[in-house]
Every structure is written in structure tokens, then in C-alpha cells.
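For reference, the structure discussed in these notes is given below.
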Amino acid sequence: MRPRLKMNKNFSRDGTLKEWLFSQILMLFFRSMRRLPYNFRHRLIAALMKGPLGYITGYRKRALTNLKFIYPELSSKQLSNIANQALDNAGRTFLENMYPADFQAHNPNIQLWGEGLEDLLKAHSDDRPILFFSGHFGNHEAFRAALYRHGIKVGGLIRPMSNPYFDRHYQKTLLIEGKSGPVFLPGPQGTLSFYKALKKGATLVLLIDLAVPDGPSINFLGRPARTALTAATFAMKSNALFLPYFSMRNSDAVSFNVEIGKPIKHSDALTMTKQATKALELRIAKDPGNWFWIHRRWKYNSNFGKPADLN
């Protein structure tokens, strides 16, 4: 039986000695990285993720498995190139998100553009509820920083880290000195609080590419994937503006631009979710390296890992 540490009041739940030790090592790593010059430390974490860390964590293998599942027609070199871009982005994102104040200081003028920008600003000025949707794409901190410059605070539903000790540090990063909207934990109470805040006029985000065991099977990148209808359902019930954002890392790997997509008209939850999924697919097709291929999107798919039917 594994030894367990008793949580003190600073922690949210019990954890194991192994988890505590791992969190200490991880935070020591991040703090050491922070002592390095900003651009250098991000180049270093990207190189480590594309190299030894990608293999140790299994992220490289997972990314390649997902890529082969979706793009069986691509060569090994092409798949490896996309995997490297995804790992590069993931490494930089992990470090950027640990120190969001540093990130915002080095990215003061993130471009905000897109078909839905005018609709967004009008909805905000009218105090209308706004529900953004997106996927595991680029770095959401760029989106949050860009909107804050327009006086818009964005909140969302955040899954806690599996390691309770590291989660303590992670939760602190979500507030970034009052620049964030309300943040909620998953579960019945958190979801209800999320909906109530939205209905009162909050600006919130939900990701639509989460792996879920239930929900209808919707085509995503040519493969069926169980998909939650929560975002579309909440948007309709609260009369929220429902629109996509894509927080994209530029080719220099340091700067960002944020696209605000065209709002989706309210109809029914399934139709709206299919339209939202299509918007995400189109963005990934244009820039596959910005999507988190390390994400286990199809883990509830019974055909996962089998050759694609290209007919």
C-alpha cells in the first residue's frame, strides 16, 4: 500500500508521497527555467519536449499514433514534422502558462481579428452573455491576454491536475492578478455555477474537443468522436453569443494572433455542435501543428488505432 500524506489546509485534497515529491521536482524545474532569459528558456523547453521529454512522457508516441490515425496517407517524415510542431507548442505552452504574467509582459500587442470580432465587441458593450468555444489549439493565454486589452475578462471550466500538489500551483496561475473571469471546477456544482454566471452575462469558454465517454458521435477530422453538447446547450439556454476563437502561435514560435470566428446561430444543440466542430476542423486543416496531437481525443472511439476507411 502506497504511503499517503495528510493534506494541510493549503492543499485541496490528499495525495501520495510520490505525488508530493514529483510536484516538488517539477516546480524546481519550472523555477529554474524562469531564471533563464525569456526567449532562451522557451527554446530550451521546446527542444526538450521534441527530444527526451517527448519520449519519456510518451507524448511523441501519442502524437504520432493520433496523426497516423487521422492522416494515414502522409509519409513518416510529414507526420514527424507535424508531431514536432505540436510538441514544440506543447512545451512552450506549459512554461508560458506557469507564468502568465511573464507571458503577457512579453506579448503586449497580440493581434485580435476575425469575422466575429465586431459581433463580440457589440455583445460585450450590450452586456450580453458570451460563450466562446475552441479546442486544444495554440495557447489560450494569448486569447485571454488579447481580450483583456479590450476590457474583456474571460473565465471557464477548468479540469484540475491529477497531482493535487502540483494542482495547487496551477490553480494560482488561472487568476493572473485579477485579469481572469470566473473559473469553475468540473462536477455538478461547478457546471451549475458556470451556467448561472453565463446567464448573468459573463464571458466564458468551453473546449469542444474534450474526450468524453458519452454524447453523440460527431465526425472530427474524418473520424467519429464522442462529443459533449454542453456548450451549445448552455449558449441557447442563456441566449449567449456562441462563437469560436483560435489562439494561434505564429511561425516565429514566440508571438501570437487570435482569430475570432463567425458566430453560430442558435438552432439545436446537435446542429450547433456539428457546426462548431467543423469550424475547429477547418482551422486545424490550415495549421495542424498548432493542435495538441498529444491530446487523447479518440480514446473512446472503438475503432481507434485501426486503419482509416478512405472511401
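To convert, take the position in the sequence shown, counting from 1, and add 374; that gives my numbering.
The beta carbon of each residue, even a glycine, is placed where N, CA and C say it ideally should be.
Remember, predicted model here, so these are calculated numbers, not experimental data.
Can you have a look at I638 and say buried or exposed, based on whether 16 or more other CB atoms are within 10 angstroms of its CB?
For this step, residue 638 is matched to residue 264 along the sequence shown. So I638 ends up on the buried side.
Under 8 Å between the Cβ atoms of G509 and D588?
Within the sequence shown, residue 509 is the residue found at index 135, counting from 1. Within the sequence shown, residue 588 is the residue found at index 214, counting from 1. No, these two residues do not count as a Cβ contact at 8 Å.
Rank I444, E655 and P503 by C-alpha distance to the C-alpha of A576 and give the top, closest one.
Taking the sequence shown and counting its residues from 1, one reaches residue 576 at position 202. When only C-alpha atoms are compared, the closest one is P503.
Out of curiosity, what's the CA-to-CA distance linking G488 and E393?
Position 114 of the sequence shown, counted from the start, is the residue given in the question as residue 488. Position 19 of the sequence shown, counted from the start, is the residue given in the question as residue 393. Looking at the two C-alpha atoms, the distance is approximately 43 Å.
Throw me the rounded Cβ distance for the D493 and L617 pair, which I believe falls under 8 Å.
For the purposes of this step, residue 493 is identified with residue 119 of the sequence shown, where counting begins at 1. For the purposes of this step, residue 617 is identified with residue 243 of the sequence shown, where counting begins at 1. Yes, they are in contact, since the Cβ atoms of D493 and L617 sit about 7 Å apart, within 8 Å.
Any beta carbon from chain C within less than 8 Å of Y522's own beta carbon?
Included in the structure is just one protein chain, with no chain C present.
Name the two residues that bound the continuous beta strand (DSSP E) containing L615.
For the purposes of this step, residue 615 is identified with residue 241 of the sequence shown, where counting begins at 1. From DSSP, the beta strand (DSSP E) with L615 extends over L615 to R623.
Assuming A516 and I668 form a contact by the criterion Cβ under 8 Å, report the distance between their Cβ atoms to the nearest whole angstrom.
Position 142 of the sequence shown, counted from the first residue, corresponds to residue 516. Position 294 of the sequence shown, counted from the first residue, corresponds to residue 668. The pair is not a contact, with the Cβ atoms about 19 Å apart (cut-off 8 Å).
What are the start and end residues of each continuous alpha helix (DSSP H) run of 4 or more residues lying completely inside the segment 517 to 592, in chain order?
Counting only runs of 4 or more, we get 538 to 547 and 562 to 573.
Which whole-angstrom value describes the C-beta separation of N458 and K435, a residue pair presumed to lie in contact below a C-beta threshold of 8 Å?
Mapped onto the sequence shown, residue 458 falls at position 84. Mapped onto the sequence shown, residue 435 falls at position 61. Not really, about 13 Å apart at Cβ, beyond 8 Å.
Whether or not the segment 625 to 639 and the segment 550 to 565 are in contact is what I'm after, with contact meaning three or more pairs of Cβ atoms, one per stretch, closer than 8 Å; do they touch?
Not touching, per the Cβ criterion.
Between the segment 591 to 610 and the segment 641 to 658, do at least 3 Cβ pairs fall closer than 8 Å?
A contact exists between the segment 591 to 610 and the segment 641 to 658.
Is the closest heavy atom of the ligand ATP to the C-beta of D501 under 7 Å?
As for the ligand ATP, it is missing from this structure, which has no ligand bound.
Can you grab the Cα-Cα spacing for the pair D541 / Y473, in whole Å?
In the sequence shown, the residue the question calls residue 541 occupies position 167. In the sequence shown, the residue the question calls residue 473 occupies position 99. Computed Cα separation, rounded: 14 Å.
Rounded to the nearest angstrom, how far is the Cβ of A520 from that of L486, given a contact under 8 Å?
The sequence position of residue 520 within the sequence shown is 146, counting from 1. The sequence position of residue 486 within the sequence shown is 112, counting from 1. So it is a contact: roughly 4 Å between Cβ atoms.
CA-CA distance, P426 and D661?
Position 52 of the sequence shown holds residue 426. Position 287 of the sequence shown holds residue 661. Whole-angstrom Cα-Cα distance: 25 Å.
I'd like to confirm the pairing. Which residues does DSSP put opposite N631 in its beta bridges?
By 1-based counting over the sequence shown, the position of residue 631 is 257. N631 is bridged to Q485 and M622.
Specify the secondary structure class of R466 as computed by DSSP and reduced to three states.
One-based indexing of the sequence shown puts residue 466 at position 92. The answer is helix: DSSP assigns R466 an H, G or I state.
Using CA atoms only, rank isn't needed, just tell me which of S536, D462, K652 and L581 is closest to A420.
The residue labelled residue 420 in the question sits at position 46 within the sequence shown. A420 has its Cα closest to that of D462, out of S536, D462, K652 and L581.
Taking the CB atoms as reference points, tell me whether R657 and F511 lie closer together than 8 Å.
Working through the sequence shown from its first residue, we reach residue 657 at position 283. Working through the sequence shown from its first residue, we reach residue 511 at position 137. In contact: R657 and F511 (Cβ atoms closer than 8 Å).
Where D642 and K611 are concerned, what is the direct C-alpha to C-alpha distance, given to the nearest angstrom?
Locating residue 642 in the sequence shown gives position 268, where the first residue counts as 1. Locating residue 611 in the sequence shown gives position 237, where the first residue counts as 1. Distance between the alpha carbons of D642 and K611 is about 11 Å.
Helix or strand or just coil, what does DSSP make of L656?
As a working mapping, residue 656 is identified with position 282 in the sequence shown. Reduced to three states, the DSSP call for L656 is helix.
Under the rule that 16 or more other beta-carbon atoms within 10 Å means buried, what is Y619, buried or exposed?
Counting from 1 along the sequence shown, the entry for residue 619 is found at position 245. Flag for Y619 reads buried.
Beta strand (DSSP E) containing L505: first to last residue?
The sequence position of residue 505 within the sequence shown is 131, counting from 1. Where L505 is concerned, the enclosing beta strand (DSSP E) stretches over I504 to S508.
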